[in-house]
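Below you'll find the structure, written out as structure tokens, and then a few comments.
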């Protein structure tokens, strides 16, 4: 019987001469870096320069054509926040509209998608078909569907005709729903809710399917009604999903403006102007005016807003994970 | 109770498809009939679709959209599956920092970097071409894609990796034959999440392309509505042409896509 012991791979590694171990370690590092290299290279090309130059530009005045920037320090930020009356007024109005979108859209999304998911979870027939139908708005969200909405909401569009034929003629909007200052923003919020319900419903549905049916049956046996079950059992269990939906909605409201650009371009009379749209206008619609620094500063204010809101929600976020 | 649920579900299904319904039926109406406001066309005609397709060089726009979308999806899958593999399983200095850095980019609003991207591309001579769209699109999907793919690679049993290693496979081989196939749903989710917004992208495309022959479908649609006498039957026909490929892609991949999305969010 031989006395040689079985050599474990780990031991062998430890007993390697230091030079070889070091070479192996470097090899491992190089392999890791090689895998991330394309992503880092692309970021250095497209991301690093744009973020850095955009940040610097927010402290300068420039119209995009002259060869040099004129440094103004925090001037652009001051102009936007209070110093330049026209910009500050625009900013305040756009911020007010953005805030309304940011509060109303997530709340309404939850209010629509949770009952929808509960109902969808309670039926077996047609579930797959309905799920696909509900998902359509998400898949097609973009310029084509926004034009379809514009058509439906127009003065002689389908919604006005529908209201007329239902005997609700008093609710009709003769300038169209997007043409009336009082209805334009609420209407766009409805369209935004319409396009964010799909993902929210899907997430709630997956959450519902993960809930143990036994708990709900036990509650029913103890005499709890459907409303009670929803309020006391399902709602608390789904809270992490609700938080995720609200956070996504808040982020989208701060970042997104494409629907506003296409459907109303901020009109009528600025009633649907939002911060993203205002930054877009300052950057691309001002011709020779030196407004690029303002656009950049507003972009960074939006970034700061997104970070602050997320930090404020960090406690909630941690509960999600 | 069941009946109540079905009534609610079907009511919302109608709301969900409402604008499509008008889009689809509008595309089959004539110029005169679109003004009447009835939902179903009295004499459905294919003329509007055919005329819109040919009048606006839609074939060119369609091929441009396809090219930009395909290049973006391929770029995203190649670049970020490699990086996410490294973040999930490899060990190298800077790994955690880089990972969180890429994810943190989620908070930079698109509008904040839109202007610098245009300036940069003008300096590099990329502005106005398709590559000038693809590079920022790929870069822009970094946060979400890295998050989803790293999550998905991390959930693959490490024993599989160790087994492949002891069979003599190198990292490239393990990545290619173990991780890629196992993370297929996550890749499909990423592909759909990239393809749909890229196909519909409007803002960067609007400010960077000026040569009509390079236009994508959304710009074609926009030039249709800003032409002298826009008629909603043609606008709806063009919208339908844009939307159909995306719906087809989604229906084809929805099983993987939904599972991948739900799995990714649940982490």
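Residue numbers (the numbering used here), protein chains in the order written: chain A, 342 to 662; chain B, -9 to 257.
Even glycine gets a Cβ: it sits at the ideal position worked out from N, Cα and C.
Counting along the chain, where does the alpha helix (DSSP H) carrying residue 504 of chain A start and finish?
In the first chain, residue 504 of chain A corresponds to position 163, counting from 1. 499 to 506 is the extent of the alpha helix (DSSP H) around residue 504 of chain A.
Cα-Cα separation between residue 437 of chain A and residue 231 of chain B, rounded to whole angstroms:
Translated into the one-based positions of the first chain, residue 437 of chain A becomes position 96. Translated into the one-based positions of the second chain, residue 231 of chain B becomes position 241. The alpha-carbon atoms of residue 437 of chain A and residue 231 of chain B are separated by roughly 37 Å.
Roughly how many angstroms lie between the CA atoms of residue 418 of chain A and residue 439 of chain A, to the nearest whole one?
Taking the first residue of the first chain as 1, we reach residue 418 of chain A at position 77. Taking the first residue of the first chain as 1, we reach residue 439 of chain A at position 98. Distance between residue 418 of chain A and residue 439 of chain A, taken at the CA atoms: about 19 Å.
Going along the chain, which unbroken runs of the alpha helix (DSSP H) with 4 or more residues stay wholly within the stretch 364 to 407 of chain A?
As far as the stretch 364 to 407 of chain A is concerned, its whole alpha helix (DSSP H) runs of at least 4 residues are 390 to 398.
Three or more C-beta pairs closer than 8 Å, one from the stretch 3 to 21 of chain B and one from the stretch 200 to 211 of chain B: is that the case here?
no
Along the stretch 8 to 21 of chain B, what residues have a CB closer than 8 Å to any CB found in chain A?
8, 9, 10, 12, 13 and 16
List the residues of chain B that residue 383 of chain A touches, going by C-beta distances under 9 Å, in chain order.
Here the question's residue 383 of chain A lines up with position 42 in the first chain. For residue 383 of chain A, the residues of chain B that pass the 9 Å Cβ criterion are 65, 69, 125, 128, 129 and 132, in the order they occur in the chain.
If I follow the unbroken alpha helix (DSSP H) through residue 65 of chain B, where does it start and stop?
Translated into the one-based positions of the second chain, residue 65 of chain B becomes position 75. Counting along the chain, residue 65 of chain B sits inside the alpha helix (DSSP H) bounded by residues 48 to 79.
Which of helix, strand or coil does DSSP assign to residue 576 of chain A?
For the purposes of this step, residue 576 of chain A is taken as residue 235 along the first chain, with counting starting at 1. Three-state DSSP puts residue 576 of chain A in a helix.
Check the Cβ of residue 392 of chain A against every Cβ in chain B and list those closer than 9 Å, keeping chain order.
Against the first chain, residue 392 of chain A aligns to sequence position 51. In chain order, 95, 98, 102, 103 and 106 make up the part of chain B whose C-beta sits under 9 Å from the C-beta of residue 392 of chain A.
Taking the C-alpha atoms as reference points, what is the distance between residue 662 of chain A and residue 75 of chain B?
Reading the first chain from its first residue, position 321 is the one you call residue 662 of chain A. Reading the second chain from its first residue, position 85 is the one you call residue 75 of chain B. The pLDDT assigned to residue 662 of chain A is 46, lower than 50, so where the model puts this residue is not dependable, and the model offers no usable value.
List the residues that DSSP assigns as beta-bridge partners of residue 535 of chain A.
For the purposes of this step, residue 535 of chain A is taken as residue 194 along the first chain, with counting starting at 1. Paired residues: none, contrary to the question.
Could you work out which residue in A:537, A:650 and A:643 is closest to residue 260 of chain B when comparing CA atoms only?
No statement about residue 260 of chain B is possible, as the shown extent of chain B runs from -9 to 257 and does not include it.
Could you work out which residue in A:395, A:435, A:626 and A:605 is closest to residue 521 of chain A when comparing CA atoms only?
If you number the first chain from 1, residue 521 of chain A lands on position 180. Considering only alpha carbons, the answer is A:605.
So who's on the other strand from residue 412 of chain A, going by DSSP bridges?
For this step, residue 412 of chain A is matched to residue 71 along the first chain. According to DSSP, residue 412 of chain A bridges with A:401.
So, is residue 142 of chain B buried or exposed, given that buried needs 16 or more other C-beta atoms within 10 angstroms?
Here the question's residue 142 of chain B lines up with position 152 in the second chain. The residue is buried, with at least 16 neighbouring Cβ atoms inside 10 Å.
Could you check whether the Cβ of residue 489 of chain A sits closer than 7 Å to any Cβ belonging to chain B?
If you number the first chain from 1, residue 489 of chain A lands on position 148. Interface residue, yes.
From residue 87 of chain B to residue 241 of chain B, what distance separates their C-alpha atoms?
Here the question's residue 87 of chain B lines up with position 97 in the second chain. Here the question's residue 241 of chain B lines up with position 251 in the second chain. Going by C-alpha positions, residue 87 of chain B is about 38 Å away from residue 241 of chain B.
Kindly list the residues whose CB is nearer than 8 Å to the CB of residue 510 of chain A, restricted to its own chain and excluding five residues on each side of it in sequence; keep chain order.
Within the first chain, the letter at position 169 stands for residue 510 of chain A. Excluding sequence neighbours, residue 510 of chain A sits near 504.
Measure the C-alpha to C-alpha separation of residue 192 of chain B and residue 445 of chain A and round it to an integer number of angstroms.
Against the second chain, residue 192 of chain B aligns to sequence position 202. Against the first chain, residue 445 of chain A aligns to sequence position 104. Linking residue 192 of chain B to residue 445 of chain A through their CA atoms gives a straight-line distance of about 25 Å.
Interface flag, residue 475 of chain A vs chain B, CB-CB below 7 Å:
Taking the first residue of the first chain as 1, we reach residue 475 of chain A at position 134. Among the CB atoms of chain B, one or more fall inside 7 Å of the CB of residue 475 of chain A.
From which residue to which residue does the alpha helix (DSSP H) around residue 165 of chain B run?
As a position in the second chain, residue 165 of chain B is number 175, starting the count at 1. The continuous stretches of alpha helix (DSSP H) do not include residue 165 of chain B, and DSSP gives it neither H nor E.
Neighbour flag for residue 161 of chain B against chain A, beta carbons, 7 Å:
On the second chain, position 171 is the one that residue 161 of chain B refers to. Closer than 7 Å to some Cβ of chain A, the Cβ of residue 161 of chain B qualifies, so yes.
Could you tell me whether the Cβ of residue 113 of chain B comes closer than 7 Å to any Cβ of chain A?
In the second chain, counting from the first residue as 1, residue 113 of chain B sits at position 123. Judged by the 7 Å Cβ criterion, residue 113 of chain B is not in contact with chain A.
What's the gap between the Cα of residue 379 of chain A and the Cα of residue 61 of chain B?
As a working note, residue 379 of chain A is residue 38 in the first chain. As a working note, residue 61 of chain B is residue 71 in the second chain. If you take the alpha carbons of residue 379 of chain A and residue 61 of chain B, they lie about 15 Å apart.
Separation of residue -3 of chain B from residue 121 of chain B, as counted between CA atoms:
On the second chain, position 131 is the one that residue 121 of chain B refers to. On the second chain, position 7 is the one that residue -3 of chain B refers to. Distance between the alpha carbons of residue 121 of chain B and residue -3 of chain B is about 49 Å.
Please determine, among B:89, B:0, B:82 and B:183, the residue with the shortest C-alpha to C-alpha distance to residue 384 of chain A.
If you number the first chain from 1, residue 384 of chain A lands on position 43. Here the closest residue by C-alpha is B:89.
Beta-carbon separation of residue 464 of chain A and residue -5 of chain B under 7 Å?
Numbered from 1 along the first chain, position 123 holds the residue referred to as residue 464 of chain A. Numbered from 1 along the second chain, position 5 holds the residue referred to as residue -5 of chain B. Yes; because the gap between Cβ atoms is below 7 Å, this pair is in contact.
Can you give me the Cβ contacts of residue 405 of chain A inside the same chain, cut-off strictly under 7 Å, excluding the 5 residues immediately before and after it?
The count along the first chain starts at 1 and reaches residue 405 of chain A at position 64. Taken in chain order, the residues that qualify are 633.
Under the three-state DSSP convention, the category residue 630 of chain A falls into:
Within the first chain, numbered from 1, the residue matching residue 630 of chain A stands at position 289. Reduced to three states, the DSSP call for residue 630 of chain A is coil.
Exposed or buried, which one is residue 273 of chain B when buried takes at least 16 other CB atoms within 10 Å?
For chain B, the structure presents residues -9 to 257; residue 273 of chain B sits outside this window and is missing.
Under 7 Å between C-beta atoms, does residue 370 of chain A make it to chain B?
Locating residue 370 of chain A in the first chain gives position 29, where the first residue counts as 1. Output row for residue 370 of chain A: interface = yes.
So is residue 423 of chain A buried or exposed if we call it buried at 16+ other beta carbons inside 10 Å?
As a first step, residue 423 of chain A must be located in the first chain, where it is residue number 82. So residue 423 of chain A ends up on the exposed side.
State the Cα-Cα distance for the pair residue 100 of chain B and residue 130 of chain B, rounded to the nearest angstrom.
By 1-based counting over the second chain, the position of residue 100 of chain B is 110. By 1-based counting over the second chain, the position of residue 130 of chain B is 140. When rounded, the distance between both Cα atoms is 8 Å.
Alpha carbon to alpha carbon, how far is residue 639 of chain A from residue 622 of chain A? Give it in angstroms, no decimals.
Within the first chain, the letter at position 281 stands for residue 622 of chain A. Within the first chain, the letter at position 298 stands for residue 639 of chain A. Computed Cα separation, rounded: 11 Å.
What three-state label does DSSP hand residue 108 of chain B in the structure shown?
As a working note, residue 108 of chain B is residue 118 in the second chain. Residue 108 of chain B falls in the helix class under three-state DSSP.
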